[in-house]
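Asks: Protein chains in written order, with my numbering: chain V, 868 to 1076; chain H, 868 to 1076.
There are 2 protein chains.
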Amino acid sequence: MTRPLPASPFRTAEQKQTDRAAKRDALLLAAARMFNERGFHATSLDDVAASLGVTKPTIYHYLGNKERVLIECMRIGLVRLQEAASAANLTQGTGVEKLRAFLVRYAQVNMSEFGQCVIRTGDELLSAQGLDELRSLKRPIDRAMRAFIAEGMADGSIAAGDVKMLAFTLAGALNWPARWYKASGALSPEAIAEQLTDILARGFLPRPS
Amino acid sequence: MTRPLPASPFRTAEQKQTDRAAKRDALLLAAARMFNERGFHATSLDDVAASLGVTKPTIYHYLGNKERVLIECMRIGLVRLQEAASAANLTQGTGVEKLRAFLVRYAQVNMSEFGQCVIRTGDELLSAQGLDELRSLKRPIDRAMRAFIAEGMADGSIAAGDVKMLAFTLAGALNWPARWYKASGALSPEAIAEQLTDILARGFLPRPS
DNA sequence: CCGCCAATTTACTTGGCAGTATATTGCTTT
DNA sequence: AAAGCAATATACTGCCAAGTAAATTGGCGG
Chain V
868 MTRPLPASPF RTAEQKQTDR AAKRDALLLA AARMFNERGF HATSLDDVAA
918 SLGVTKPTIY HYLGNKERVL IECMRIGLVR LQEAASAANL TQGTGVEKLR
968 AFLVRYAQVN MSEFGQCVIR TGDELLSAQG LDELRSLKRP IDRAMRAFIA
1018 EGMADGSIAA GDVKMLAFTL AGALNWPARW YKASGALSPE AIAEQLTDIL
1068 ARGFLPRPS
Chain H
868 MTRPLPASPF RTAEQKQTDR AAKRDALLLA AARMFNERGF HATSLDDVAA
918 SLGVTKPTIY HYLGNKERVL IECMRIGLVR LQEAASAANL TQGTGVEKLR
968 AFLVRYAQVN MSEFGQCVIR TGDELLSAQG LDELRSLKRP IDRAMRAFIA
1018 EGMADGSIAA GDVKMLAFTL AGALNWPARW YKASGALSPE AIAEQLTDIL
1068 ARGFLPRPS
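#1: Quick one: residues in its chain with C-beta nearer than 6 Å to the C-beta of residue 997 (chain V), no 5 flanking neighbours on either side, listed in chain order?
#2: Relative to the C-alpha of residue 992 (chain V), which candidate in H:893, H:906 and H:1048 has its C-alpha closest?
#3: Would you mind working out which of H:976, H:911 and H:970 sits nearest residue 932 (chain H), comparing C-alpha positions?
#4: On the three-pair Cβ rule with 8 Å, is the stretch 950 to 967 of chain H touching the stretch 1019 to 1026 of chain H?
#5: Alpha helix (DSSP H) containing residue 918 (chain V): first to last residue?
#6: Kindly indicate if chain H contains any beta-carbon less than 8 Å away from that of residue 1056 (chain V).
#7: Taking only beta carbons into account, state which residues of the stretch 1027 to 1059 of chain H come closer than 9 Å to chain V, listed in chain order.
#8: List, in order along the chain, the chain V residues whose C-beta lies closer than 8 Å to that of residue 963 (chain H)?
#9: Tell me which residues share the same chain as residue 961 (chain H) and place their Cβ nearer than 6 Å to its Cβ, disregarding the 5 neighbours each side in the sequence.
#10: Check the C-beta distance from residue 936 (chain V) over to residue 895 (chain V) and give it rounded, since I have them as a contact under 8 Å.
#11: Under a Cβ-count criterion, where at least 16 other Cβ atoms within 10 Å of its own Cβ denotes burial, should residue 980 (chain H) be classed as buried or exposed?
#12: Between which two residues does the alpha helix (DSSP H) containing residue 1083 (chain V) stretch?
#13: Identify, in the order they occur along the chain, each residue of the same chain with its Cβ nearer than 8 Å to the Cβ of residue 946 (chain H), setting aside the five sequence neighbours on each side.
#14: If I'm right that residue 1034 (chain V) touches residue 1009 (chain V) with Cβ under 8 Å, what's the distance once you round it to whole angstroms?
#15: Would you call residue 1043 (chain V) buried or exposed, if buried means 16 or more other Cβ atoms sit within 10 Å of its Cβ?
#16: Does the Cβ-Cβ distance between residue 941 (chain H) and residue 976 (chain H) come in under 8 Å?
#17: Comparing the C-beta of residue 1063 (chain V) with each C-beta of chain H, is any distance below 8 Å?
#18: Between residue 903 (chain H) and the rest of its own chain, which residues show a CB-CB distance below 7 Å, the 5 nearest in sequence each way excluded?
#19: Output, in chain order, the set of chain V residues within a Cβ distance shorter than 7 Å of residue 909 (chain H).
#20: Compute the distance between the beta-carbons of residue 972 (chain H) and residue 955 (chain H), then report whether it is under 8 Å.
#21: When Cβ atoms are compared, which residues of the stretch 973 to 991 of chain V fall closer than 7 Å to chain H?
#22: Consider the Cβ of residue 934 (chain H): report whether some Cβ of chain V lies at a distance smaller than 8 Å.
Right, dumping it as structure tokens:
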């Protein structure tokens, strides 16, 4: 670890930019937690601000309006999902290996604060523009999942079938924990993600050993 | 068909009860549709009433308050799910046969108006009592699903594993269509339900045969 | 040292909607 | 016919929360 320099009270422009980003992130995290706990409409920006010891106009200073707060929370979750897709794509192996790597990470992200926001937020809460914006973030993730599936079907590592319907099934099963997962539970997100993925891979019918 | 009697303007007590129930149901259906389309908070009871050509106090007359409207919508969905469980239980056959019958119906109900309400309504929208009330309707449904699974594992028609985790997986995958299904789509709810269930049964890994 | 911009506050405006008070009409029961 | 109840309307109250205006402070560039 690099030893911290004797702290100077004079921050560079870069430091200030970082500070600003840190504050913004803190606001988003606080907001995401409250949105998940109480729902978007039931969370007032006054409450979010108060939970960090500041006041509402501060939020408006950093984020502009309430919908922006929600969208930025979702964006963070969606970026993580996109990263999961990119990472899985680097795995070299058959389609099913990529798919599994992706699904496990996908499920984990959905149990994180920002991931939960993505899942729990219904389309009806957003304006038309907000919806567009998010759709263009969601689309590549969905496409990635389908690409992994298609690749697996092509190389024989995944059972032949309807790509889209399989994607819906997998997404549904792995989105759902966003609704019930609590950090206080016995199982870790990693464990849950592994188990769900395994069940989806094998199906509930017995397999000849 | 019994020929309708020459309509009398004098309704019996029974007819009036039926009329009242029909009006109540119409209100609930209109409310469920709007809740699903725009979300609970974004739907005002003024709007719901107006969509049937009446005014808000009429809704209060039949249902008391807004939360009651939502709960009664959900109750209808949950009763249908309960019926699905009972029906599946009458099927005689192995655990897996009962489970499959249940799952297919379960998925279908979740795509109906009232079923969609059940899935789309987050816990955070309800008061503590409302939540209790609904939980006691949900519990037996969840128990039924787990019972089918356990029975199947016991008789060997379902692969051995963690009952609870399998139930979560299945429920998640079959709940999710409540979020994306639109009646205008190409596939019927029945077809979707069958396909999803099949994928869940067989898993995405190829099966020897 | 002066004026500007970032960050933040207090205090206000505004709109929407849940819920209610009260009136009206007409059927039913005594 | 009188009293009562079911069903419905109009018009109101009250609250909550989003968003905004204006003031304040302090660092920073010229």
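Every residue, glycine too, gets a C-beta built ideally from N, C-alpha and C.
Replies: Walking through what the data contain:
#1: 934 and 938
#2: H:906
#3: H:911
#4: yes
#5: 912 to 918
#6: no
#7: 1027, 1028, 1029, 1032, 1033, 1035, 1036, 1037, 1038, 1039, 1040, 1041, 1042, 1043, 1044, 1046, 1047, 1054 and 1059
#8: 1071 and 1072
#9: 1022 and 1024
#10: 7 Å
#11: buried
#12: Residue 1083 (chain V) lies beyond the stretch modelled for chain V, which goes from 868 to 1076, so this question has no answer here.
#13: 1004
#14: 7 Å
#15: buried
#16: no
#17: yes
#18: 980, 983, 984 and 987
#19: 991
#20: yes
#21: 987, 989 and 991
#22: no
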